[in-house]
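Participant: Below is a structure I'd like to ask you about.
2 protein chains.
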Amino acid sequence: MDKLEQYRQAVQKILTQQVAEDTQNDEIESQLVFDTERDRYLLLDVGWQDLKRVYHCFIHIDIKNGKVWIQRNMTETDLAQALVNLGIPKEDIILGLQPPYKRPYTGYGSNHLIMNQ
Amino acid sequence: MDKLEQYRQAVQKILTQQVAEDTQNDEIESQLVFDTERDRYLLLDVGWQDLKRVYHCFIHIDIKNGKVWIQRNMTETDLAQALVNLGIPKEDIILGLQPPYKRPYTGYGSNHLIMNQ
Numbered sequence: 216m217d218k219l220e221q222y223r224q225a226v227q228k229i230l231t232q233q234v235a236e237d238t239q240n241d242e243i244e245s246q247l248v249f250d251t252e253r254d255r256y257l258l259l260d261v262g263w264q265d266l267k268r269v270y271h272c273f274i275h276i277d278i279k280n281g282k283v284w285i286q287r288n289m290t291e292t293d294l295a296q297a298l299v300n301l302g303i304p305k306e307d308i309i310l311g312l313q314p315p316y317k318r319p320y321t322g323y324g325s326n327h328l329i330m331n332q
Numbered sequence: 216m217d218k219l220e221q222y223r224q225a226v227q228k229i230l231t232q233q234v235a236e237d238t239q240n241d242e243i244e245s246q247l248v249f250d251t252e253r254d255r256y257l258l259l260d261v262g263w264q265d266l267k268r269v270y271h272c273f274i275h276i277d278i279k280n281g282k283v284w285i286q287r288n289m290t291e292t293d294l295a296q297a298l299v300n301l302g303i304p305k306e307d308i309i310l311g312l313q314p315p316y317k318r319p320y321t322g323y324g325s326n327h328l329i330m331n332q
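Chains as they are written, first to last, in the working numbering: chain A, 216 to 332; chain B, 216 to 332.
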């Protein structure tokens, strides 16, 4: 299987598992958003809890230039580890939640070079 | 043109215009997310501003059961009016940002019946 296709399937699998685990009520919708053209994948809760608006993005993962970017993770799941478990090498996973200068030290991928080494 | 296809094109057109108007910098990415299978359409800013994480969803519109749902609007654009301007009838636009009990009184569509009339 093509590497990019493997990464897409891994990301979609993880998000689909998360939505299945998510608690549901009638007024709140747990939404998967898969933009397979732009390779953007989100999981959100949208709706109303009594008179309170609920709008919350739990997970956002992008695939850019052959790398899997974790852009948001408000769950307790270690998404990077889940991606590794599905066969994605650490150097192809970018922790977008870490500031760029820290990424070379995360053990995961980096889109920046380490200077002065 | 099929009604649903017209609605999809209108929503995509509005979001594409908004992203074009959005200011950009190198570290912040303005993202369109179009899930044409589930009919979910978002506009987000994702990135870093110096040492501050930026993650912000500006617009989210869904199409469900032939109705266009405005789920989020953090812009100054009147999205409902923009949809009307593109030929979508008011009764097919749901203001998701209004609590369900208020929607029958918005002049736009409602997925709830007005009781006791």
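No residue lacks a Cβ here, since even glycine has one placed at the ideal position from N, Cα and C. It should be emphasised that the depicted structure is a prediction, and the values quoted were computed from it without experimental measurement.
Using beta-carbon positions only, say whether B:I276 and B:R223 come within less than 8 Å of one another.
Facilitator: Position 61 of the second sequence, counting from 1, holds the residue named residue 276 of chain B. Position 8 of the second sequence, counting from 1, holds the residue named residue 223 of chain B. Not closer than 8 Å, so no.
Participant: Which residue wins for smallest C-alpha separation from A:Q264, given the options B:D241, B:G322, B:L312?
Facilitator: Numbered from 1 along the first sequence, position 49 holds the residue referred to as residue 264 of chain A. Answer by Cα proximity: B:L312.
Participant: Using beta-carbon positions only, say whether B:V283 and B:I309 come within less than 8 Å of one another.
Facilitator: On the second sequence, residue 283 of chain B is found 68 positions in, with the first residue counted as 1. On the second sequence, residue 309 of chain B is found 94 positions in, with the first residue counted as 1. Cβ atoms of B:V283 and B:I309: closer than 8 Å.
Participant: I think A:Y256 touches B:Q286, with their Cβ atoms under 8 Å apart; what is that distance to the nearest whole Å?
Facilitator: Along the first sequence, one-based indexing puts residue 256 of chain A at 41. Along the second sequence, one-based indexing puts residue 286 of chain B at 71. At roughly 18 Å, the Cβ-Cβ gap does not stay under 8 Å, so A:Y256 and B:Q286 are not in contact.
Participant: How long is the line joining the alpha carbons of A:Q233 and A:D241, rounded to whole angstroms?
Facilitator: Counting from one through the first sequence, the residue named residue 233 of chain A turns up at place 18. Counting from one through the first sequence, the residue named residue 241 of chain A turns up at place 26. Computed Cα separation, rounded: 18 Å.
Participant: Starting from the beta carbon of B:R255, find every residue of chain A whose beta carbon is closer than 8 Å, and list them in chain order.
Facilitator: On the second sequence, residue 255 of chain B is found 40 positions in, with the first residue counted as 1. Within chain A, the residues near B:R255 are Q246, V248.
Participant: Determine, using beta carbons only, whether A:Q286 comes closer than 8 Å to chain B.
Facilitator: Here residue 286 of chain A corresponds to residue number 71 of the first sequence, with the count starting at 1. Interface residue, yes.
Participant: Taking only beta-carbon atoms, is B:L312 less than 8 Å away from chain A?
Facilitator: Numbered from 1 along the second sequence, position 97 holds the residue referred to as residue 312 of chain B. Closer than 8 Å to some Cβ of chain A, the Cβ of B:L312 qualifies, so yes.
Participant: When you compare the CB of A:P339 with every CB in chain B, is at least one pair closer than 8 Å?
Facilitator: Within the shown structure, residues of chain A are numbered from 216 to 332, placing residue 339 of chain A beyond reach of any answer.
Participant: Compute the Euclidean distance between the alpha carbons of B:R227 and A:G324, then round it to the nearest angstrom.
Facilitator: On the second sequence, residue 227 of chain B is found 12 positions in, with the first residue counted as 1. On the first sequence, residue 324 of chain A is found 109 positions in, with the first residue counted as 1. The sequence shown places Gln at residue 227 of chain B, rather than the Arg named in the question. Those two C-alpha atoms are separated by around 33 Å.
Participant: Which bits of chain B does A:V261 rub up against, with CB to CB less than 7 Å?
Facilitator: Position 46 of the first sequence holds residue 261 of chain A. Within 7 Å Cβ-Cβ: Q286.
Participant: Taking only the alpha-carbon atoms, compute the straight-line gap between B:I303 and A:Y316 and give it to the nearest angstrom.
Facilitator: Along the second sequence, one-based indexing puts residue 303 of chain B at 88. Along the first sequence, one-based indexing puts residue 316 of chain A at 101. B:I303 and A:Y316: Cα-Cα distance of roughly 47 Å.
Participant: Show which residues of chain A have a CB atom less than 8 Å away from the CB atom of B:R223.
Facilitator: Taking the second sequence and counting its residues from 1, the one referred to as residue 223 of chain B is at position 8. Here the premise fails: no neighbours, minimum Cβ distance about 13 Å.
Participant: Expressed to the nearest angstrom, what Euclidean distance is found between the alpha-carbon atoms of A:L258 and A:I229?
Facilitator: Locating residue 258 of chain A in the first sequence gives position 43, where the first residue counts as 1. Locating residue 229 of chain A in the first sequence gives position 14, where the first residue counts as 1. C-alpha separation (whole angstroms): 10 Å.
Participant: I need the boundaries of the alpha helix (DSSP H) containing A:Q264, first residue and last residue.
Facilitator: Taking the first sequence and counting its residues from 1, one reaches residue 264 of chain A at position 49. Bounds of any alpha helix (DSSP H) do not take in A:Q264; it lies within the beta strand (DSSP E) bounded by 255 to 264.
Participant: Are the Cβ atoms of A:N288 and A:L294 separated by less than 8 Å?
Facilitator: Stepping through the first sequence from its first residue, residue 288 of chain A is reached at position 73. Stepping through the first sequence from its first residue, residue 294 of chain A is reached at position 79. Yes, the Cβ-Cβ distance between A:N288 and A:L294 is below 8 Å.
Participant: Just checking: is the beta-carbon of A:L258 within a distance shorter than 8 Å of some beta-carbon in chain B?
Facilitator: On the first sequence, residue 258 of chain A is found 43 positions in, with the first residue counted as 1. A:L258 does not count as touching chain B.
Participant: Less than 8 Å between the beta carbons of A:G281 and A:K305, yes or no?
Facilitator: Reading the first sequence from its first residue, position 66 is the one you call residue 281 of chain A. Reading the first sequence from its first residue, position 90 is the one you call residue 305 of chain A. Cβ distance not < 8 Å, so A:G281 and A:K305 don't count as in contact.
Participant: Of all the options A:P319, A:M216, A:P314, A:N326, which has the alpha carbon lying nearest to the alpha carbon of B:K267?
Facilitator: One-based indexing of the second sequence puts residue 267 of chain B at position 52. Ranking A:P319, A:M216, A:P314, A:N326 by Cα distance to B:K267 puts A:P314 first.
Participant: Closer than 8 Å, Cβ to any Cβ of chain C: which residues of the stretch 287 to 298 of chain B, in chain order?
Facilitator: Judged by its chain identifiers, the structure shown contains no chain C, and its protein chains are A and B.
Participant: Does the beta carbon of A:K282 sit closer than 8 Å to a beta carbon anywhere in chain B?
Facilitator: For the purposes of this step, residue 282 of chain A is identified with residue 67 of the first sequence, where counting begins at 1. No, A:K282 does not count as interfacial toward chain B.
Participant: Can you check which of these residues, B:V248, B:M216, B:K218, is closest to B:T231 by C-alpha distance?
Facilitator: On the second sequence, position 16 is the one that residue 231 of chain B refers to. Out of B:V248, B:M216, B:K218, B:V248 has the C-alpha closest to the C-alpha of B:T231.
Participant: Among B:Q246, B:D307, B:C272, which has the Cα closest to the Cα of B:A225?
Facilitator: Along the second sequence, read from residue 1 onward, the residue named residue 225 of chain B stands at position 10. For B:A225, the nearest C-alpha among the options comes from B:D307.
Participant: Give the DSSP-derived three-state secondary structure of B:I229 in the structure shown.
Facilitator: For this step, residue 229 of chain B is matched to residue 14 along the second sequence. For B:I229, the three-state secondary structure derived from DSSP is helix.
Participant: Are the C-beta atoms of B:L266 and some chain A residue less than 8 Å apart?
Facilitator: Numbered from 1 along the second sequence, position 51 holds the residue referred to as residue 266 of chain B. For B:L266, the answer is yes, since a Cβ of chain A falls inside 8 Å of its Cβ.
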